[in-house]
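Protein chains: 2
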Amino acid sequence: MVAEIVSGLEYSKKVLQDVGEKIAKTREHHPHFDAVLAIVQVGNRSDSNVYINAKLKKAKEIGANGKLIKLPDTITQGDLKREIMALNHDNNIDGIIVQLPLDCKHEIDADAIIDLIDPLKDVDGLTRINAGRLARGELQRTIFPCTPFGCLYLVQQATGNPNFVSGKEVVVLGRSKIVGSPAAALFLWHHGTVTICHSKTPNIKEKCLRADILIVAIGRKHYVKGEKYCQLKIEKMCGISKKRMLIDTDWIKPGAFVIDCGINVGDDPTSRKIYGDVDTEAAKEVAGYLTPVPGGVGPMTVAMLIRNTYEQARRRRLAGKDEDEQ
Amino acid sequence: MVAEIVSGLEYSKKVLQDVGEKIAKTREHHPHFDAVLAIVQVGNRSDSNVYINAKLKKAKEIGANGKLIKLPDTITQGDLKREIMALNHDNNIDGIIVQLPLDCKHEIDADAIIDLIDPLKDVDGLTRINAGRLARGELQRTIFPCTPFGCLYLVQQATGNPNFVSGKEVVVLGRSKIVGSPAAALFLWHHGTVTICHSKTPNIKEKCLRADILIVAIGRKHYVKGEKYCQLKIEKMCGISKKRMLIDTDWIKPGAFVIDCGINVGDDPTSRKIYGDVDTEAAKEVAGYLTPVPGGVGPMTVAMLIRNTYEQARRRRLAGKDEDEQ
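These protein sequence lines are chains A and D, in that order.
Under this note's numbering, the residues of the first sequence are numbered 375 to 700, in order.
Under this note's numbering, the residues of the second sequence are numbered 375 to 700, in order.
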């Protein structure tokens, strides 16, 4: 089996195009309608600059708007709090995100800062109240975190089945606040049977092998491998070329949907090459579907952020207005 | 193997005695110290009356205090909201719970009501913000829901190992807000590898068989069975007595820790007999540890509620005071 490579790049274009069309249509009836994403950046990390520029650019491209609030690395928790509160009260801001990690000289509790964001403007879905709603399956009352939302969208679109997750065995590697934990909740409430693995899980490979859908968000380059990769590597090392060794080192159930959320920078400091948590070349011989890195979950995350911003703008700005006119 | 029956009744006495001693000791330095649990009841369900009386009685027994706020079934959402807000502002109340289900004539959004409780007085751990904190592993900043907390305590105490959960395969049946979902989060953040099963999970038996720790909160009488039970039943039906049939109908991994959160009323309306989700007689032949119903998780839930109330009273009333004097 050779896996279908699920292009997040292509699907993200589709999402963004769809949001762009909706904004244009809304403006036919409401010429002043806007969807504005505020990005709060503390300091000046170069990787953050790259991500922020991508978000602002994509928003602009489809007719939404972005606003960068760039704050000095000397800012205090109190001043940062005031910035967030001002954005909460700014009627022209629809979504607020805080670019992580913070690059700051003073100690700042990033979770406490994010928790100040108005839940209705929390387009990253990272406030505790929205995380709590998601954990309890209140899907209509929360905002889905962008990376897990992108993962779900890819599964639904690539399989052509909005209910594909239901009844499937889903294994999530990693339990971070941003990807692993909310992905587990999102797939659980789309009726998957979800197992969460982490650094304290023994025999992770054995758990992965159960997965109909494998979501990898563990932050280690090529952690998950496929059968062929290991065979070829051993053949190469041992000089075996004709008589293949069969070894049990595979991590992926044949036909599984493998979603790679990893973004790992390679060892070479001169190159900006990014590696996933899954060894794509190896895994694609076993998996049924596979998201590549780069060009998989990454662009979907940006697209879902802009989609969330539009949805919140629509709800807030057009509340009580006729649905037809939206 | 015959399972050790883990008496929640006995362990709950230990928890309550410990809390009672702490209250007495605190009063040596702070004679006016109190720990007061407010229970909000809407209507007059007879089962609720039984549970509420048990909570108030246990609190009294160990020197804490309870206050029942019994409201008519004609109350509106607005009036109920005002009751909660008054309790939030009442300096003499340390914990607030809303007895569920509500018995009311008007439509009331119980989740929205519970969410009004001050997170620091949320001793049932059911507000969205506390659920969000638990889901993300912020264990120091949340309050553990009482039933999952009782389950964890039983595992730690019966095995004599506070880290018993770490690295274990934990399977949770059910994803309710009160038991299944928070139990999954609590055991995950005690480093179990957690799988959550529910009504859309196929082959639940197969998933249960993986569990080192099986938490059953599915609300169906004797849903989980043991091998012997099935054998005996078939022998009885078929008249086979000497030549035993071996059939694959067992749900429990030999030696597993089985926690039964079920409270199911039997079919006989004249008896008040309560059944668990696990067939204890059958399961005890396979499991390593087994919590009975009644006398297992039920009394632990009450004990943990009072413990949570004491802890919040200590934090709120003695904030800033010398730890030695507490």
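We treat Cβ as the ideally placed atom computed from N, Cα and C, and that holds for glycine.
Pick from the options that is closest to residue i, judged by C-alpha positions
i: residue 664 of chain D; options: D:635, D:409 and D:543; result: D:635
i: residue 662 of chain A; options: A:503, A:651, A:586 and A:639; result: A:586
i: residue 524 of chain D; options: D:686, D:695 and D:385; result: D:385
i: residue 323 of chain D; options: D:579, D:522 and D:672; result: Chain D is shown only over 375 to 700; residue 323 of chain D falls outside these bounds and no answer can be derived.
i: residue 495 of chain A; options: A:682, A:693 and A:692; result: A:682
i: residue 424 of chain D; options: D:483, D:474 and D:555; result: D:474
i: residue 556 of chain A; options: A:542, A:574 and A:589; result: A:589
i: residue 540 of chain D; options: D:419, D:564, D:452 and D:533; result: D:564
i: residue 576 of chain D; options: A:551, A:542, A:520 and A:414; result: A:542
i: residue 408 of chain D; options: D:467, D:638 and D:580; result: D:467
i: residue 431 of chain A; options: A:456, A:497 and A:390; result: A:390
i: residue 599 of chain D; options: D:549, D:628, D:573 and D:572; result: D:628
i: residue 671 of chain A; options: A:640, A:527, A:584 and A:578; result: A:527
i: residue 546 of chain D; options: D:420, D:584 and D:381; result: D:584
i: residue 482 of chain A; options: A:461, A:507 and A:452; result: A:452
i: residue 341 of chain D; options: D:544, D:548, D:574 and D:551; result: The structure shown does not extend to residue 341 of chain D, since chain D spans only 375 to 700, so no value can be given for it.
i: residue 669 of chain D; options: D:650, D:684, D:658 and D:396; result: D:650
i: residue 630 of chain A; options: A:645, A:658 and A:647; result: A:658
i: residue 393 of chain A; options: A:538, A:677 and A:551; result: A:677
i: residue 484 of chain D; options: D:436, D:536, D:435 and D:551; result: D:551
i: residue 469 of chain D; options: D:558, D:648, D:693 and D:684; result: D:684
i: residue 559 of chain A; options: A:535, A:375, A:517 and A:579; result: A:517
i: residue 486 of chain D; options: D:455, D:465 and D:537; result: D:455
i: residue 515 of chain D; options: D:435, D:493, D:638 and D:412; result: D:493
i: residue 625 of chain A; options: A:646, A:660 and A:642; result: A:660
i: residue 674 of chain D; options: D:377, D:387, D:379 and D:375; result: D:387
i: residue 446 of chain A; options: A:569, A:478, A:580 and A:382; result: A:478
Helix, strand or coil at residue i according to DSSP, with G and I counted as helix
i: residue 654 of chain A; result: helix
i: residue 664 of chain A; result: strand
i: residue 504 of chain D; result: helix
i: residue 383 of chain D; result: helix
i: residue 497 of chain D; result: coil
i: residue 687 of chain D; result: helix
i: residue 438 of chain D; result: coil
i: residue 414 of chain A; result: strand
i: residue 692 of chain A; result: coil
i: residue 376 of chain A; result: coil
i: residue 444 of chain D; result: strand
i: residue 397 of chain A; result: helix
i: residue 402 of chain D; result: helix
i: residue 680 of chain A; result: helix
i: residue 421 of chain D; result: helix
i: residue 392 of chain A; result: helix
i: residue 426 of chain A; result: helix
i: residue 620 of chain A; result: Low local confidence applies: a pLDDT of 44 at residue 620 of chain A is under 50, so the model's placement there is unreliable, with the coordinate-based value given in what follows. Of the three classes helix, strand and coil, the one that applies to residue 620 of chain A here is coil, per DSSP.
i: residue 615 of chain A; result: Its pLDDT being 49, under 50, residue 615 of chain A is placed unreliably by the model, and the measurement read from it follows with that caveat. Coil at residue 615 of chain A, not helix or strand.
*Looking at chain D, which residues of the stretch 382 to 414 of chain A have a Cβ within less than 8 Å of any of its Cβ atoms?*
none
*Residues of the stretch 568 to 590 of chain A whose Cβ lies closer than 8 Å to any Cβ of chain D, in chain order*: For chain D, the residues of the stretch 568 to 590 of chain A that bring a beta carbon within less than 8 Å of one of its beta carbons are 568, 569, 570, 571, 572, 574, 575, 576 and 581, in chain order.
*Is there contact here, the stretch 653 to 661 of chain A with the stretch 436 to 453 of chain A, by at least three beta-carbon pairs under 8 Å?*
no
*Counting only runs that start and end within the stretch 451 to 494 of chain A, where is the alpha helix (DSSP H) found for 4 or more residues in a row?*
451 to 463 and 484 to 488
*Which runs of the alpha helix (DSSP H), 4 residues or longer, sit entirely within the stretch 512 to 598 of chain D?*
520 to 533, 554 to 562 and 578 to 582
*the stretch 593 to 600 of chain A / the stretch 500 to 508 of chain A touching (three or more Cβ pairs under 8 Å)*: no
*Does the pairing of the stretch 400 to 414 of chain D with the stretch 670 to 689 of chain D give three or more beta-carbon distances under 8 Å?*
yes
*Residues of the stretch 501 to 513 of chain A with a CB closer than 9 Å to any CB of chain D: list them in chain order, please.*
501, 502, 503, 504, 505, 506, 507, 508, 509, 510, 511 and 512
*asked:* Pairs of beta-carbons, one from the stretch 407 to 417 of chain D and one from the stretch 470 to 487 of chain D, closer than 8 Å: are there three or more?
replied: Yes, since at least three Cβ pairs between the stretch 407 to 417 of chain D and the stretch 470 to 487 of chain D fall closer than 8 Å, the two stretches touch.
*According to a CB-to-CB cut-off of less than 8 Å, which residues of the stretch 680 to 698 of chain D neighbour chain A?*
none
*Given a limit of 7 Å on CB to CB distance, which residues of the stretch 541 to 555 of chain A reach chain D?*
Those residues of the stretch 541 to 555 of chain A that come within reach of chain D (Cβ to Cβ, closer than 7 Å) are 541, 549, 551 and 555.
_Residues of the stretch 466 to 489 of chain A in Cβ contact with chain D at a cutoff of 8 Å, in chain order, please._
If the cut-off is 8 Å between Cβ atoms, the stretch 466 to 489 of chain A has 485 near chain D.
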